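S.K.: Dropping a structure here in structure tokens format, bear with me for questions.
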Amino acid sequence: MSTHSVEKFSGVGVSAGRVIGTVRRMPDPISAPADGAPLGPGASVESETARLAEATAAVAAQLKERAAQATGDAQAVLKATALMASDRSLLKSATKLVASGTCAESALWEAADAVATQLAALGGYMAERASDVLDVRARIVAQLRGVPAPGIPDSQEPFVLVAVDLAPADTATLDPAKVLALVTSDGGPQSHTAIIARSLGLPAIVAASETIALRDGDQVYVDGIDGLVVRNPTEVEAAIARTYANREQLPEFDGIGALADGHRIPLLANVGSGDDAQAAAAAGAEGVGLLRTEFCFLGREKEPSHEEQVAAYGAVFAAFAQKKVVVRTLDAGADKPLPFLTDTSEPNPALGVRGYRTDTSSPGVLARQLTAISEAAESHGAEVWTMAPMISTPGEAKDFAALVTAAKLPTAGVMIEVPSAALLAERILERCAFVSIGTNDLTQYTMAADRQLGSLAELNDPWQPAVLHMVAATCTGAQSAGAKPVGVCGEAAADPALAVVLVGLGVSTLSMNKRALAPVAAVLRTVDLATAQSLAQLALQAASADEARNLVRAQLPELDRFGL
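In the working numbering, each residue's number is its place in the sequence shown (first place is 1) plus 1.
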């Protein structure tokens with residue numbers, strides 16, 4: 002390998018893999034136009050206004066087209082970004098500036114800057130949306146200038162993509178055939194970048210702040226398991242990468258999740274559309290543990306019609322005839338604002354009116370959604386379970402269960418995403434049939450750490466013992482309430498080692514992206530229930546996330562065998 006000095010950078014590994022490759026950095030951002038630059042020669046207010054409207058519409062159309070070609074997380078991200086590109090208030094503000102004599106580029110830049118500044122000041126999830134606005138701004142200005150929009154570098158050879166962070170529209174269009182691995186200096190374990198990397202099976206590291214020093218052409222070793230980047234890797238790293246490349250191939254998932262002693266743990270899929278559901282069924286998923294119904298709502302100015310919803314849900318139910326499909330009702334708010342439902346002026350939307358809580362501020366939307374789910378269920382043979390997100394009290398669980406019954410749906414449950422729900426799981430389960438743990442949000446709320454912030458990545462780790470104690474409390478409550486089912490549908494279920502711990506804590510089903518089915522199944526089959534319970538206790542007794550992870554991984558040799 003290289004004779005240049007070896008440099009090592011640490012970050013948070015969010016997707017397994019060990020590779021060596023050449024760095025390609027994300028291109029420089031679009032440069033800012035001059036403040037208040039006047040209309041160009043021969044331009045009029047009318048012609049400049051038209052040019053601005055055309056460019057904005059073109060960018061929105063491009064993003065919508067990408068969304069139509071994408072699935073799952075990528076589709077939802079692109080739809081939300083397309084909605085931002087066609088935001089009427091942004092275009093209206095820019096048009097006013099054009100009317101005062103400012104050219105389209107400067108007007109759009111200034112208007113978007115004002116929106117992003119306002120969002121950043123709100124903090125939390127809304128601050129994360131500020132980066133989306135700036136991404137859209139750059140794309141529209143590039144369209145106005147007739148230059149390529151910012152995006153993934155074009156290369157004939159596969160490369161390691163290095164960036165400060167990626168905009169949602171970029172993460173949604175990564176080509177795993179060209180990108181060997183992904184490294185960002187910002188971002189967190191539950192950022193768009195991390196989630197998309199996992200769904201594509203790309204080795205990925207986030208929150209590696211020092212990698213800002215990496216340059217095009219650098220040779221690097223990327224270890225997405227240990228969160229390590231090495232510039233100018235030695236033969237030692239090269240050997241590790243070769244070993245990983247020659248790892249034993251995982252057996253295909255045969256559709257039966259079970260431990261070594263035969264204890265059944267159904268492995269389900271997280272999906273967001275009919276196409277997602279078809280792909281998950283083809284991968285062997287035993288059902289759907291999380292149907293994100295936002296896919297039907299995002300990118301829209303108004304609530305979708307009853308007929309549209311029935312068709313969308315029915316497409317998923319059709320893919321899993323006679324199998325369980327757990328439908329999460331609309332999880333709007335926070336990072337998924339909807340113009341007809343949520344209030345974007347909330348000072349802290351992550352702690353605001355989101356999920357089930359929107360039914361108090363905008364009654365009727367949830368009832369209409371449940372009616373559509375019910376009609377779709379009647380037309381297909383799936384076993385439909387329905388759950389509400391962002392439930393905090395037993396009273397809310399009771400009220401939601403009543404709504405589900407009124408809609409003539411058979412099985413009502415709730416998401417466990419906040420500590421109050423975990424601690425009162427027994428009381429909640431006296432009022433509904435099942436719970437499903439959303440580990441992404443449960444981690445965020447337990448650790449009081451915004452899941453999008455790279456600076457808080459260490460806290461925002463589902464291996465945190467405090468989070469595992471919340472899972473344990475939920476499972477204990479479920480047993481006391483009559484051994485009712487506890488699922489996990491957060492990203493934690495896709496980590497094969499953590500899946501073992503979750504089963505040991507008492508979780509009865511795991512739901513994940515389809516790529517995780519085979520690795521999780523393979524590792525679960527190497528342990529019996531007693532071993533899983535023993536490893537769960539090890540993790541609970543640890544003092545940190547790293548200690549918990551390392552203690553458990555050391556007892557699971559199959560992880561190295563399969564390169565996990």
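Backbone N, C-alpha and C fix where the C-beta goes; we use that ideal spot for every residue, glycine too. Remember, it's a predicted structure, so these values are computed and weren't measured experimentally.
Rounded to a whole number of angstroms, what is the C-alpha to C-alpha distance between L98 and E253?
M.R.: Going from the Cα of L98 to the Cα of E253 covers about 58 Å.
S.K.: Would you say V405 reaches chain B, if we count a Cβ-Cβ gap shorter than 9 Å as a contact?
M.R.: As a matter of chain content, chain B is missing from the structure shown, which is built from one protein chain.
S.K.: Helix, strand or coil: which one does DSSP assign to S87?
M.R.: The answer is coil: DSSP assigns S87 none of H, G, I, E or B.
S.K.: On the three-state DSSP scale, how would you describe S16?
M.R.: S16 falls in the strand class under three-state DSSP.
S.K.: In or out: Q1 buried (at least 16 other Cβ within 10 Å) or exposed?
M.R.: Only positions 2 to 565 of the chain appear in the structure, and residue 1 is not among them; the question remains open.
S.K.: Whole angstroms is fine: what's the gap from A44's alpha carbon to A51's?
M.R.: Their Cα atoms are separated by approximately 11 Å.
S.K.: From T527 to K80, what distance separates their C-alpha atoms?
M.R.: Distance between the alpha carbons of T527 and K80: 40 Å.
S.K.: For S3, does the three-state DSSP call read helix, strand or coil?
M.R.: Any answer about S3 is weak, because its pLDDT of 49 lies below 50 and its placement is not dependable; what the coordinates show is given next. Here S3 sits in coil by DSSP.
S.K.: Do you know offhand how far A540's Cα is from A546's?
M.R.: Each residue's Cα considered, the two are about 8 Å apart.
S.K.: Going by CA-CA distance only, name the one from Q480, S87, Q465, E309 that's closest to L499.
M.R.: L499 has its Cα closest to that of Q465, out of Q480, S87, Q465, E309.
S.K.: Is it a yes or a no for the segment 100 to 111 touching the segment 32 to 40, going by three-plus beta-carbon pairs under 8 Å?
M.R.: Enough Cβ pairs lie closer than 8 Å, so yes.
S.K.: Measuring alpha carbon to alpha carbon, tell me which of V163, D133, R554, S509 ends up nearest A205.
M.R.: Among V163, D133, R554, S509, the Cα nearest to that of A205 is on V163.
S.K.: Decide if A555 is buried, meaning its Cβ has at least 16 other Cβ atoms within 10 Å, or exposed.
M.R.: A555 comes out exposed.
S.K.: Mapping DSSP to helix, strand and coil, what is F160?
M.R.: F160 falls in the strand class under three-state DSSP.
S.K.: Less than 9 Å between the beta carbons of L53 and L109, yes or no?
M.R.: In contact: L53 and L109 (Cβ atoms closer than 9 Å).
S.K.: Restricting to Cα atoms, I'd like to know which of D442, V15, I31, P497 is closest to A209.
M.R.: Minimum Cα distance to A209 is reached at V15.
S.K.: Could you tell me how far apart the beta carbons of L552 and A544 are, in whole angstroms, since I believe they sit closer than 8 Å?
M.R.: So it is not a contact: roughly 11 Å between Cβ atoms.
S.K.: Near V20, what residues of its chain come up, given a Cβ to Cβ distance below 7 Å and the 5 sequence neighbours on each side ignored?
M.R.: Cβ neighbours of V20 beyond the five flanking positions: L181, A182, P204, V223, A242.
S.K.: At a threshold of 8 Å, does G478 count as lining the ligand MN (C-beta to nearest heavy atom)?
M.R.: Among the components of this structure there are no ligands whatsoever, and the ligand MN is therefore not found.
S.K.: Just tell me which of L469, A450, S456, R329 has its CA closest to the CA of V405.
M.R.: V405 has its Cα closest to that of R329, out of L469, A450, S456, R329.
S.K.: Could you tell me how far apart the beta carbons of L511 and L292 are, in whole angstroms, since I believe they sit closer than 8 Å?
M.R.: About 16 Å separates the two Cβ atoms, so there is no contact after all.
S.K.: What three-state label does DSSP hand E211 in the structure shown?
M.R.: In the structure shown, E211 sits in a helix (DSSP, three-state: H, G or I).
S.K.: Under a Cβ-count criterion, where at least 16 other Cβ atoms within 10 Å of its own Cβ denotes burial, should S3 be classed as buried or exposed?
M.R.: Any reading at S3 must be qualified, since the residue scores a pLDDT of 49, below 50, and its modelled position is unreliable; no value is offered.
S.K.: Measuring alpha carbon to alpha carbon, tell me which residue in A83, E55, T57 is nearest E66.
M.R.: Cα-wise, what sits closest to E66 is A83.
S.K.: Which same chain residues, not among the five before or five after G382, have their C-beta less than 8 Å away from its C-beta?
M.R.: Here the set comprises F318, A322, Q323.
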